[in-house]
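The opening position of the sequence shown corresponds to residue 2 in the working numbering, with each subsequent residue numbered one higher.
Each residue gets a CB set at the ideal place from its N, CA and C atoms; glycine is no exception.
In this text the structure is predicted, and so the values were computed from the model without any measurement.
This report concerns only the one structure given below.
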Amino acid sequence: MVYKDLVGNTAVITGASSGIGRAIALRFGQEKMNVVINYLSSEDEVHSIVRKIESFGGKAIGVHGDVTKEEDVKKLVAAAHHHFGSLEVMVNNAGIENEVPSEDLTLDNWRKVLDVNLTGAFLGCREAIDYMLEHRIKGRIINVSSVHERIPWPHFLHYAASKGGIKMMTETLALEFAPKGIRVNNLGPGAIDTPINAAKFSDPAAKASVEALIPLGYIGKPEEIAAAAAWLASSESSYVTGITLFADGGMTKYPAFQGGQG
Ligand code: NAI
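The structure is reproduced here in structure tokens:
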């Protein structure tokens with residue numbers, strides 16, 4: 002445990018049965034928090050995450066739900082209230098991506114990615130903030146964005162647009178709810194070793210081409226993103242709101258200029 006003020010706080014994490022969400026759930030468990038683990042599939046994995054969190058001294062429950070469905074997101078906040086009596090931290094992490102040249106991007110595909118990545122995060126923000134206002138909680142919202150809220154990404158137009166949308170949503174909410182003491186921040190991972198990238202990173206050439214874009218020289222681990230999430234959730238970041246904390250090995254720092262080019 003690193004952040005004593007997080008002990009006993011309750012968090013909802015969407016899409017938490019794998020990858021970054023799973024790592025944040027485990028890290029929050031190590032901080033002895035209560036964790037609502039939202040999942041769309043992989044119920045068995047959720048049981049194993051719950052057991053691990055309990056072994057760390059935290060508490061957890063798994064709650065199935067689709068973040069694009071308003072009633073499912075309401076269910077997540079209700080579960081936090083019913084099981085743990087509160088909600089201090091909301092992590093909107095669920096996300097999807099797929100590669101397609103923009104001239105071939107179907108309206109259905111565009112809508113699906115915007116729906117999960119942006120509308121899902123909006124619903125999570127709205128429900129959590131509504132709860133925090135009602136219960137006078139100075140809560141923290143963490144939206145998992147991406148370096149692609151800043152770096153354009155051909156063939157991933159819908160994904161980049163969704164993450165750009167999250168950036169402005171976060172900044173607007175941060176401004177709107179700062180007077181209530183609710184902090185809203187983005188976490189912007191670079192290239193992280195999770196299932197979303199499994200196919201790409203299993204090809205050594207594709208993996209090397211990604212590594213070449215990272216000044217620190219390696220693909221990030223989900224635990225390195227979870228560490229940033231724990232800091233944003235804790236009072237150690239008490240004066241921070243409306244930012245994107247990039248945890249990206251320097252990817253947003255124009256690596257093409259690394260050798261003094263330009
Ligand atoms: P992942 O594929 O392991 O995690 C995404 C999770 O979201 C999965 O557990 C999936 O079941 C869940 N999900 C998808 N649709 C959902 C829905 N409708 N309702 C509820 N859950 C749903 O991949 P990863 O990498 O852990 O992704 C987590 C977040 O991090 C995403 O928002 C992604 O865009 C973001 N990210 C990931 C990066 C990476 O390199 N891995 C880089 C930058 C951002």
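Query                                                                                                                                                                            : Result
Can you tell me which of M34, K33, N39, E98 puts its alpha carbon nearest to the alpha carbon of G22?                                                                            : N39
Start and end of the alpha helix (DSSP H) containing P155?                                                                                                                       : First-last for P155: undefined, no H or E at that position.
Just grab the DSSP bridge partners of I14 for me.                                                                                                                                : I38, V92
Report, in whole angstroms, the separation of the C-beta atoms of A175 and V185, which I expect to be a contact under 8 Å.                                                       : 4 Å
In whole angstroms, what separates the C-alpha of E98 from that of I197?                                                                                                         : 8 Å
Ends of the alpha helix (DSSP H) at N186?                                                                                                                                        : Per DSSP, N186 belongs to no alpha helix (DSSP H); it is in the beta strand (DSSP E), 184 to 190.
Would you be able to state if there are at least three C-beta pairs under 8 Å between the region 42 to 55 and the region 130 to 139?                                             : no
How about E100: is its Cβ closer than 7 Å to a heavy atom in the ligand NAI?                                                                                                     : no
Pull up the distance between the alpha-carbon of A10 and that of S236, whole angstroms please.                                                                                   : The question names Ala, but residue 10 in the sequence shown is Asn. Spanning the two alpha carbons is a distance of roughly 12 Å.
Does the distance between the C-beta of L124 and the nearest non-hydrogen atom of the ligand NAI fall short of 7 Å?                                                              : no
Write down every uninterrupted run of the beta strand (DSSP E) in the region 167 to 243 whose length is 3 residues or greater and which is fully enclosed by it, in chain order. : 184 to 190
Looking at C-alpha atoms only, which residue of E46, S87, H48, A206 is the closest neighbour of K139?                                                                            : S87
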